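Q: So in numbering that gives the first Met the number 0, spot 61 of the sequence shown is number 60, and the numbers just go up one at a time. Glycine included, each C-beta is placed from N, C-alpha and C at the ideal position. Only a predicted model underlies this, so the values are computations on that prediction, with no experimental measurement involved. Structure below; questions to follow.
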Amino acid sequence: MEKFSNNNAFTLEGRPPPLLAAAIAFQHLLAMAGGILTAPLLIALGMGLSTAETSYLISSALVISGFATFVQINRAGPIGSGLLSLQGSSFAFVGPLIFSYKILISDQSAEEALGAIFGSTALCSLIMLALSFFLKHLRNVITPNVSGTTIMLLGITLVLTTLQNLAREFDSAGGFEGNGFGIIILSGSVLASTILISRSNKTWLRVGSITFGLMFGFSISLVFGSVDLSVLESTEVFFIPEIGRYPISIDLQIIGILLPIFLVSTMESIGDITATNALSGLKTGGTAYWLRLRGGIAACATNSFVASLFSTFPNTTFSQNNGVIRLTGICSRHVGIYAAVFLIILGCIPFVANLFQTIPPPVIYGSTVLMFGLVAVSGYKIIAESLPKKRDWILVGFACSLAYLISFFIDSVPGVPENLVTVLSFPVSTGALVAMFFEIVTPKNTLGDEPGNR
């Protein structure tokens, strides 16, 4: 049938004992917790949202991530991969969402701007749900060149933004004449500890390096009295996400910014699901594989739509969980049910979101600057692993250069519609569009494309 011989301790449909399943689920949780919690916190910090709104976004992200994981691992018709593929808030949308909010807030209230963002992400999710039935055709447009270019630009943009945020923290602390040096030491120690943990011989430490790095930084801040615990005083007992918390609307310029990111995020999820499929002892290729893949992408789109309804951010698969499967040898999707329940429970306890908010920004930035640097590297690897030729590298270099050139100067070009200026001012989306255009129109067999000219 679909399965073939494998060395996993438990098969995809195997049922580990409850205590073992819970322990493995907790390991999956450690691997992804840093990402699920940090993504909405970074977005909220970038948007300058209140403590209450930030708490809502984090709690809602946890609850919806649990729901999304449950949908992904349990196939219901055409929705879901049926694999141990956990889901959570995507880092790919951190920069685009902050950029979109800053565009909208210039002439709208915070509530209206958030409503426009969630309405636009909902529509983008429905578009991706429709496109999930045409994955083979989509892969002809969103090639490794396009995905790699976009992810590189995304990582570079986020690194620059994070460094700018750190510089602001340094200045607000009084620079070298004040406590600015302490900011550098704190962020640097978090960065160093995360790198050291990621280089550990213990695989279970490596897959949770971001989470452990944040815990290390928080502990240092707590010892030196840099943690503001006042936010914990107003903690509610129980959290339930709300439908329509903000006035939903749709903004076409925001869709223009976000849709290319949705497309590229889908390609990342295809890679994650394919890896999970292989680790589960299932064949890559054939009808069964494509049905799982289509179901997985449809689940990502459906879950992102549900996330928008409950006023939180798009969901995607987490590649870190494939590391846990490699570590444990357990691919049973029933482990995912435990992980989904853990996520929902954590989200329903407001204390968790409020406690995470107490982590000082320098700790967050010290951890995420490495994460975003690795995002840029992963974009390069996507291109390199596709055996690029000279034509491919020229395309990538041209797309990256033109993306920043357009974003810097588009507002100075007379006669360009304001909405188009807004879309093209964000280099990541612009780079994705440029790469797609040249991937389609540039002949693939050109002079200098021999294997020796790579």
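Quick check: the region 282-293 against the region 96-110, are there 3 or more CB pairs under 8 Å?
A: No: the two stretches stay apart, fewer than three of their Cβ pairs being nearer than 8 Å.
Q: With distances taken Cα to Cα, identify the nearest neighbour of Leu423 among Phe436, Pro442, Ala402.
A: It is Ala402.
Q: Output the distance between the C-alpha atoms of Glu241 and Phe117, rounded to the nearest integer angstrom.
A: Rounded to whole angstroms, Glu241 to Phe117 spans 13 Å at the Cα level.
Q: Does the CB of Gly216 have a neighbour CB from chain B at under 7 Å?
A: Included in the structure is just one protein chain, with no chain B present.
Q: Which residue's Cα is closest to the Cα of Val427: Leu19, Ile97, Leu44, Ala24?
A: Answer by Cα proximity: Ile97.
Q: With DSSP as the reference, identify every bridge partner of Gln319, one or two as the case may be.
A: DSSP lists no partner for Gln319.
Q: I'd like to check one pair, Leu373 with Trp203: are the Cβ atoms closer than 7 Å?
A: No, Cβ-Cβ distance for Trp203 and Leu373 is not below 7 Å.
Q: Look at the alpha carbon of Thr142 and the alpha carbon of Thr149, and state the distance between them as a whole number of angstroms.
A: Looking at the two C-alpha atoms, the distance is approximately 11 Å.
Q: For Arg167, count the other beta carbons within 10 Å of its own beta carbon; 16 or more makes it buried, fewer makes it exposed. Which is it?
A: Exposed: under 16 other Cβ atoms inside 10 Å.
Q: Per DSSP, Ser88 forms a beta bridge with which residues?
A: Asn314, per the DSSP bridge assignment.
Q: Only counting runs of 4 or more residues, tell me where the alpha helix (DSSP H) segments fall wholly within the region 304-389, in order along the chain.
A: Correct list: 319-327, 332-346, 349-356, 360-383.
Q: In the DSSP assignment, what residue or residues form a beta bridge with Ile78?
A: Looking at the DSSP assignment, Ile78 forms a beta bridge with Ala75.
Q: Between the region 361-378 and the region 21-39, do at least 3 Cβ pairs fall closer than 8 Å?
A: Verdict: yes, contact present.
Q: Residues in the same chain with beta-carbon distance under 6 Å from Gln319, minus the five sequence neighbours each way, listed in chain order, please.
A: Answer for Gln319: Ala30, Met31, Val206, listed in chain order.
Q: Hey, Ser385 and Leu82: beta-carbon distance below 7 Å or not?
A: Not in contact: Ser385 and Leu82 (Cβ atoms no closer than 7 Å).
Q: From Gly430 to Phe304, what does the alpha carbon distance come to, in whole angstroms?
A: Those two C-alpha atoms are separated by around 25 Å.
Q: How is Pro39 classed by DSSP in three states: helix, strand or coil?
A: DSSP places Pro39 in helix when its eight states are reduced to three.
Q: Could you check what DSSP says for Asn302 in three-state terms: helix, strand or coil?
A: Note: Asn302 maps to helix in three-state DSSP.
Q: Report yes or no: do the region 181-193 and the region 402-419 share at least 3 C-beta pairs separated by less than 8 Å?
A: Touching, no.
Q: Quick one: does the C-beta of Ser248 sit closer than 6 Å to a heavy atom of the ligand GDP?
A: No copy of the ligand GDP occurs in the structure displayed, which carries no ligand at all.
Q: DSSP on Glu267, reduced to helix/strand/coil?
A: Three-state DSSP puts Glu267 in a helix.
Q: For Tyr245, which three-state DSSP category applies?
A: Coil at Tyr245, not helix or strand.
Q: Alpha carbon to alpha carbon, what distance is there between Val140 and Leu432?
A: Rounded to whole angstroms, Leu432 to Val140 spans 11 Å at the Cα level.
Q: Ignore the nearest five residues each way along the sequence and tell me which others in Ala339's own chain have a CB closer than 6 Å to its CB.
A: Same-chain partners within the cutoff: Gly65, Thr68, Phe69.
Q: For Met0 and Gly45, I'd like the C-alpha separation in whole angstroms.
A: With a pLDDT of only 41 at Met0, under 50, the local geometry of the prediction cannot be trusted, and the value read off the model is given with reservation. Approximately 50 Å, taken between the alpha carbons.
Q: What residue from Thr10, Phe223, Ile348 has the CA that sits closest to Ile239's CA?
A: Selected option, being the one with the closest Cα: Ile348.
Q: Can you list, in chain order, the residues of its chain with a C-beta nearer than 7 Å to that of Val420? Leave out the 5 residues immediately preceding and following it.
A: These residues qualify, in order along the chain: Ile409, Asp410.
Q: Are the region 264-278 and the region 310-318 touching, with three or more C-beta to C-beta distances below 8 Å?
A: The region 264-278 vs the region 310-318: in contact.
Q: Can you give, in chain order, each stretch of the alpha helix (DSSP H) that sits fully within the region 124-186 and has at least 4 residues?
A: Taking only runs of at least 4 residues, the alpha helix (DSSP H) segments lying wholly in the region 124-186 are 134-140, 143-171.
Q: In the DSSP assignment, the alpha helix (DSSP H) including Arg205 goes from what residue to what residue?
A: Element bounds for Arg205: 202-205.
Q: Since Ile382 and Val395 should fall inside the 8 Å C-beta cutoff, what is the C-beta to C-beta distance between them, to a whole number of angstroms?
A: With a Cβ gap of about 6 Å, Ile382 and Val395 count as contacting.
Q: Quick one, are the C-beta atoms of Gly346 and Ile209 less than 7 Å apart?
A: No, these two residues do not count as a Cβ contact at 7 Å.
Q: Which residue from Ser377, Ala375, Ala75, Ile272 puts its Cα closest to that of Cys330?
A: The candidate whose alpha carbon is nearest that of Cys330 is Ile272.
Q: Mind checking Ile256: buried by the 16 CB within 10 Å criterion, or exposed?
A: Burial call: buried.
Q: Taking Gly414 as part of the alpha helix (DSSP H), name the residues at either end of that continuous run.
A: Careful: Gly414 lies outside any alpha helix (DSSP H) and carries neither H nor E.
Q: Could you check the C-alpha separation between Asp227 and Leu134 for me, to the nearest Å?
A: Distance between the alpha carbons of Asp227 and Leu134 is about 48 Å.
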